[in-house]
Each structure stands twice: as structure tokens, then as C-alpha cells.
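The next block holds one structure in the form of C-alpha cells; read it before the comments.
There are 2 protein chains.
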Amino acid sequence: MSEPVDKPATIEDVAKLAGVSIATVSRALRSPEKVAESTRKKVTAAIARTGYTANAMAQNLRMQRSKMVLVLASSIADPNFAGLLTGLEKAANDRGYGVLIGNTEGTTGLEQNYLRFLSTGMADGLVLLTGHIPVAGEPQTPLTTLPPIVATERPVSNREISYVGVDDVAACKMATEYLISLGHRKITFISGGPSDIRSDLRHSGYRQGLRESPEDLRDWRVEGDGTSESGRAAVERLFIKDDLPTAFFCFNDNTAIGVISALQLRGYRVPEDFSVLGFDDIPFASNFSPGLTTIRQPRHHIGEKAMNILLNRLANRLLETRSHLLHGDLIVRESCAGVSRQRK
Amino acid sequence: MSEPVDKPATIEDVAKLAGVSIATVSRALRSPEKVAESTRKKVTAAIARTGYTANAMAQNLRMQRSKMVLVLASSIADPNFAGLLTGLEKAANDRGYGVLIGNTEGTTGLEQNYLRFLSTGMADGLVLLTGHIPVAGEPQTPLTTLPPIVATERPVSNREISYVGVDDVAACKMATEYLISLGHRKITFISGGPSDIRSDLRHSGYRQGLRESPEDLRDWRVEGDGTSESGRAAVERLFIKDDLPTAFFCFNDNTAIGVISALQLRGYRVPEDFSVLGFDDIPFASNFSPGLTTIRQPRHHIGEKAMNILLNRLANRLLETRSHLLHGDLIVRESCAGVSRQRK
DNA sequence: ATGATCGATGTAAACCTTTACATTGAGGTT
DNA sequence: AACCTCAATGTAAAGGTTTACATCGATCAT
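Chains A and B, in that order, are what the protein sequence lines are. Taking our numbering, the leading residue of the first sequence gets 1, the next gets one more, and so forth. Taking our numbering, the leading residue of the second sequence gets 1001, the next gets one more, and so forth.
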């Protein structure tokens, strides 16, 4: 139905065909109530005939925005990333925004590079999954020049930035209580590394859980870094010391998987000999054997909520910059059991 | 070092400060060789003082491009997606392009929606992971209006579109020969569903592998759909028929995982009782127990190569629209073994 | 000295919108 | 009949670049 165009039709083509001015065409599209029914019809017809689509560049230039959001992540391969992105992307798309991906791989060099999208105006807002405000080249106060930001996946220490994520503390407290209710009295927390703030949050939830017990349970933290290798290594260290818990509460599912395979490699069985609890409920948690008992992050919701907060800010519906902590569910599968016939 | 700006500096501010025209400033940036050393210095100084960054919208409008590429995927959560995206993203970023994500969830509605990035000129090129050319609203020939495209992850039946991916046929032939070399004579191929072209490619590689054998081996295909559930289901069906192979060659690792857990659930051991081979080498393949023997997709390279092909096309370095098939390595872990003490 | 050549710079158009402001004319009020 | 109001439309500026073309001197050959 469209004309044999080589160059895409412009608003001017439409105006000419409809016999009106370009202003009227623009109005017919952006604020139809301002244009008479009859002319609106003519314009619509002309648009259909020309196959006109407004040039986004021209619009953006004129309106000083890009309808684009930059998502900065330190690792695209992170098992949480896909779910989060799905939510972010859906919310953005629903509101006419596009999602631009920046994979920093944890390096500030790449991080810097992606800031070009902000400084050149290619993106209106920023979703931070890195856990820190991107460093500008010059050591100047960056917050003033940065666009609206929302953090997710990893909270940012700066209080000015909204964070959307699971309530690590509450979830870990609950999970710890669950382990205690199963009879466990010696529970090791395997951390996610010193640089990850969430590790401290989860550890603190674990401690709160311990304190709920009438007995005085040992706060027992060993260091990991969130990889399955670090889970394996932690187990090995504990075996060498010959100081073993009855349950492992792991910073995340990856670590839990490492822990379990290390235990299995030594001939122990999970959950018969040891209980292991993870965090995240990565897609693989249910396929693992034993099925991982873990805390589910509502990744999709987190993503959607984070994006909506950001877009509301962009739309000037000024919002409090608060943290929004979502509830994490305990998903009970097979990797945790009662302590009854356990060796220690 | 930068002035107290509310509005970002424009090229005009720089020009004024440097005492030259805006054309000279533009030239100093885009084609420095055209401007005298002395003025270039003045301009550079002025840029530093104003903290000027060229407005991308204005540039894009003027130059009729966006330096942005749309990546259309049917599922962001696909285990291959992250690795692919990492490669795509890296190559794009290296060449100053941005990557825009479109998650179609397999629905044409969303697919349509993302096409707005193309029709409005927000994206210059398209990376297709969906396996088909997006359908335009009207039943018109879309290829003429679509920008340069490259397909990856799933080949597109249309011959005009370059595809970058692993050589499914060769890899599966090799893997099948490997199973045969282990002594397997009854090998079931579990497909990835009728709608997935790759399923046929891999099946055909498997058949070629069978034919290499001096014996006349049975081409034995059962249907799956690429999920671990379908792997489980396939195993159950075979048990009901009481017609069992000694090895399973699965369309992908997900299926293989389903197959293995179904076998284990029935009390069999892998690889002692059955061998299972996957495809993809998803991040989890090595953490699974038993470690998955599988074919590794060089996801990162595929992504980079695909993006480079697309960007070359965009840069008018006209390239043949050919398929680029990369080699897939057989990763031998524990899930396949000799047939010796197998039950059947 | 004169003109040609060429490098460096400036002028202005073009890219395509949106929107403030001006204009027009119809309908209503006095 | 003169005036006012208001809805509908048009005119033109603005948004910030890039680049073809024009201009200006200086250098060089004659």
C-alpha cells in the first residue's frame, strides 16, 4: 500500500499530501484533540499512503531526550542477569523506552566508555547493576552530571540512589531459622567476597536468625567469592581443619553447588550427611541433584519495579529515592534435611 | 575544571571560546588534518574548559544514522544468550556502536513492537536470534525496508541473510563418531522440536556420523523440544516401549540434563549404564554431576563475528552474505563412557 | 608585479521534528 | 452592525550537528 519510496517519508510529504501544514500533521499525531475531526482523517489517510514514521532522531533532538535507558552490568553472564533484564526490558518497552546494554566486566575502563551514552544524550537514565556509581574521568563530583539512576542487583552505598532488590536480611534470617528448625546447631555461612555488599547483608540476616534461637549459636563465617570454585575451596578448608558444620548457608546458588560437589566428591551425601542452602534460585537450582533448597529472588519483578521507578523519575513524577525491598521466598527442595542421622 | 554549566555546552560555546567558527570546531574533532595545528590547540583547550561533548542526537539526525544495533531474541533467558550477547556487545562497543535489546518472547506482537526502532531510525542494523525475519504489520515485502541484518543462534531460511553460528552438522557428525568409537551401536537422537531448524541440522550430522560406521546403524530420532522436561519425557516414553539405546545424543544440554535425571531417578547411572551427550556446553555443564560431555559453542566468537559482519555492512564495506560456520569442540567430561558393561 | 594554486577558515543549508505565537474565520453577544 | 471569543490552522524558530561551497590570504611560478 505504500509508495515506492527510496527515502523514507517525512512529515512534509504527509503534509503536502493531506493539504495541511506540517504543524497540523505533528499535532494530529501528538495531540489529536487539537485538530478537527475532518483534517485528522485526511492526515491519517496521508500517513497511511506514505508509510510515514516519525524520525526518532529529529524528535529526540527537538525534545531533548532519547527514550533510551542504559543498563550497566558488571557481568552479563551472571545467572541473575537474564531474569532481571527481562523485567527491566518489559517495563521499558511497555512505556516506549529502549534498553541499551553496557557490559563493564568489572573494569572502570569499559565503564567509562559506556558513560558516553549519557554524556552525549543517547540515554536518559541509568540502571546500575554494578553496585557503584560509575567513576567519571576527572575526579569531580559526578552525581550532578549523572542522569536519574536506579540501582538493582547490588545496592549502592550512596544513599541518594534508589535501590530495588530482594530483602536480603529478612530472607536470610528466615532461611537460617528454617535450618535451625530442622535441628541444625552448627551452620556455616559462606560469604560472597569482601567487595560484595550483599554478602554482609546476607550474613547479617543469618546472624539475626541465629539470635532468634534460645541457644547461643556460633556465628561462623568463612570467605568465598560467589563462584562454585570458592564453595569447593571453602569445604576443603573446613575438612583440613576438621571443623565441620551440619549445614552450609551459601551466599548464592553457585557457591552451594560448589559446596555440594565438594562434599559429594569426598563421598558424603546431601542432604543425608550435610544440608546446603543457597540463594537466588537460579534456573539450574531445580535441575541440580539434589534439588537446591534456596531463596528465590523475584528477578522479573525486581527488574520491572526498578525500571518503573526510573521511568517515573524521568517523567518528572518525582518519587522518593528509597530502597524497595521485595520479599524472597524460601524454596524448599532436597538439599536440606533434618540433622537426625548426621555424623556430627 | 569544567564551568558551572546547567545546560550542556554546545559546539557554539566552544567556537566562541576558541574564537573560531563552529565549522572549524567540528572539523577539529572529525577530521583534524583539515585544521591548522595552532587552531586545533585552541579548540582542544576550549573543549576542555567547557566540558563539551557532541550531542549524539544532533549528529545522528544530521548523519542519518544512529550507531545503534537492535538485537532481537526470542528468549533472553536462553543459556546461550548471555555468551552471545557478550560477544555482540564487545564488538559493537569496540566500534562505537550501542546494543539495543529486544525480547520477543516468541510473540509476533512484541516483535512488531521492536521494529519501531528500525522504522524510526533508532537502530541502523539488526541482529536476529529468532530464526526468522520479523513480520511487518502489512503483508508487504519486508526485506527492502529492513536494514542490514545478520542472523546468529538460529539460521534464517532466507538465503539472503548472513548467518554466523557453529557448524552443527560437522560437530554432530564428529560427536556421533565419538559415541560409535566408544562402542555404542544404539544411539538415540533426541530432537529439539519441529520448529527449530537447528534440530534438523544436528540430526543430519548425527545421521552422517552413523553412516561413517561400517555397520548399518539405526537412525533413531525421538522428539523433544529443547527443555529438560522434554528430555525426561523422552526417556520415559522409551522405557514404556522397553526399547532402549545405549547412548543418548541430545539436541542440547538442557535436554541432556533432563535425560540424565530421568535415568538417575529410575536408578540407573550415567555413564555406567547409559551414555548421554549434549550440545552447547552451557555454563552449568561442568557443574552437573556427572560432568556433561558436550559440544562447545564458541558463543563469544560467534557474537563478535556476527556483529563485525553487520557493522562492516553498515560501513559499506560490502561483504558477501554468506554463512560463517565456526567449529564446535567436543568437550569430553564424564557423561559418556564405553559400552562394555552396559545392560543392553 | 600578476595570476594561479592551495591550505585554512567561515557561511549557510540541511537533517526532521515540536511548539510558541500569529492568523483566520465562524459563531455569539450587545 | 460592530465586537469579542475561541477553535483550527499556519508560520517560523529552535534543537545541535556536519559539510558543500565560498572566501581569504599566502606562496610560488612566470
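Here a beta-carbon is modelled for each residue, glycine too, at the ideal position from N, C-alpha and C.
Any C-beta of chain B under 8 Å from that of residue i
i, result
"Val208/A", "The residue you asked about is not Val; residue 208/A is Gln in the sequence shown. Chain B, which has no Cβ nearer than 8 Å to the Cβ of Gln208/A, makes this no."
"Phe274/A", "no"
"Gly98/A", "yes"
"Pro283/A", "yes"
"Gly83/A", "yes"
"Ser289/A", "yes"
"Val339/A", "no"
Opening and closing residue of the alpha helix (DSSP H) in which residue i lies
i, result
"Asp1094/B", "1081-1094"
"Ile1282/B", "Segment: none, Ile1282/B is in no alpha helix (DSSP H) and carries neither H nor E."
"Asn1312/B", "1299-1314"
"His203/A", "197-212"
"Thr107/A", "It is not in any alpha helix (DSSP H) - Thr107/A carries neither H nor E in the DSSP assignment."
"Asp13/A", "11-18"
"Thr1024/B", "1022-1030"
"Phe239/A", "228-241"
"Val43/A", "37-50"
"Leu61/A", "56-63"
Three-state secondary structure (DSSP) of residue i
i, result
"Ala73/A", "strand"
"Gly291/A", "coil"
"Tyr1114/B", "helix"
"Tyr1268/B", "coil"
"Asp253/A", "helix"
"Pro1142/B", "Low per-residue confidence applies at Pro1142/B: pLDDT is 49, beneath 50, and the placement is therefore not dependable, though the value from the model is reported in the following sentence. Three-state DSSP puts Pro1142/B in coil, outside helix and strand."
"Leu179/A", "helix"
"Ile1133/B", "coil"
"Met68/A", "strand"
"Ile1149/B", "strand"
"Val222/A", "strand"
"Ser1162/B", "strand"
"Leu1263/B", "helix"
"Ser1119/B", "helix"
"Val156/A", "coil"
Residue from the options with nearest C-alpha to residue i
i, options, result
"Phe251/A", "Leu314/A, Ile187/A, Leu311/A", "Ile187/A"
"Glu1105/B", "Ile1076/B, Leu1084/B, Asp1168/B", "Ile1076/B"
"Val14/A", "Lys241/A, Leu182/A, Glu229/A, Ala46/A", "Ala46/A"
"Asp1167/B", "His1327/B, Gly1338/B, Ile1331/B", "His1327/B"
"Thr152/A", "His132/A, Thr145/A, Arg49/A, Ser38/A", "His132/A"
"Arg1322/B", "Arg1159/B, Gly1051/B, Gly1224/B, Ala1028/B", "Arg1159/B"
"Val99/A", "Asp124/A, Ser335/A, Gln208/A, Val270/A", "Asp124/A"
"Ser66/A", "Ala91/A, Lys41/A, Gly83/A, Leu118/A", "Leu118/A"
"Thr246/A", "Arg198/A, Ala285/A, Phe189/A", "Phe189/A"
"Arg207/A", "Asp196/A, Ser191/A, Ser195/A", "Ser191/A"
"Met57/A", "Asp329/A, Thr24/A, Gly121/A", "Gly121/A"
"Gly1083/B", "Arg1296/B, Asn1254/B, Gly1209/B, Thr1044/B", "Arg1296/B"
"Pro298/A", "Gly258/A, Ala36/A, Lys42/A, Asp280/A", "Asp280/A"
"Glu89/A", "Leu311/A, Arg333/A, Leu325/A", "Leu311/A"
"Leu85/A", "Thr1086/B, Asn1103/B, Arg1095/B, Tyr1097/B", "Asn1103/B"
"Asp78/A", "His324/A, Pro283/A, Met68/A", "Pro283/A"
CB of residue i within 8 Å of CB of residue j, strictly
i, j, result
"Pro155/A", "Leu126/A", "no"
"Gly165/A", "Ile302/A", "yes"
"Ala1306/B", "Leu1182/B", "no"
"His184/A", "Ser275/A", "yes"
"Tyr114/A", "Leu61/A", "no"
"Ser1228/B", "Asn55/A", "no"
"Ala1092/B", "Phe1081/B", "no"
"Leu17/A", "Thr50/A", "yes"
"Val1169/B", "Leu1201/B", "yes"
"Ile1348/B", "Leu1129/B", "The first residue shown for chain B is 1001 and the last is 1344, placing residue 1348/B beyond what the model contains."
Residue i beta carbon near the ligand HEM (any heavy atom closer than 7 Å)
i, result
"Val1150/B", "With respect to the ligand HEM, the structure shown offers nothing to examine, as it has no ligands at all."
Chain A within 8 Å of residue i, Cβ atoms only
i, result
"Gly1192/B", "no"
"Leu1017/B", "no"
"Pro1142/B", "Confidence in Pro1142/B is poor, its pLDDT being 49 and thus under 50, which makes the residue's placement unreliable; the coordinate value appears in the next sentence. For Pro1142/B, the answer is no, since every Cβ of chain A falls outside 8 Å of its Cβ."
"Ala1306/B", "no"
"Gly1224/B", "no"
"Ala1056/B", "yes"
Segment limits, beta strand (DSSP E) that includes residue i
i, result
"Leu330/A", "329-331"
"Phe1189/B", "1187-1190"
"Val1339/B", "Premise fails: Val1339/B is in no beta strand (DSSP E) and is neither H nor E."
"Gly382/A", "Any property of residue 382/A remains undetermined from this structure, which presents chain A solely from 1 to 344."
"Leu325/A", "323-326"
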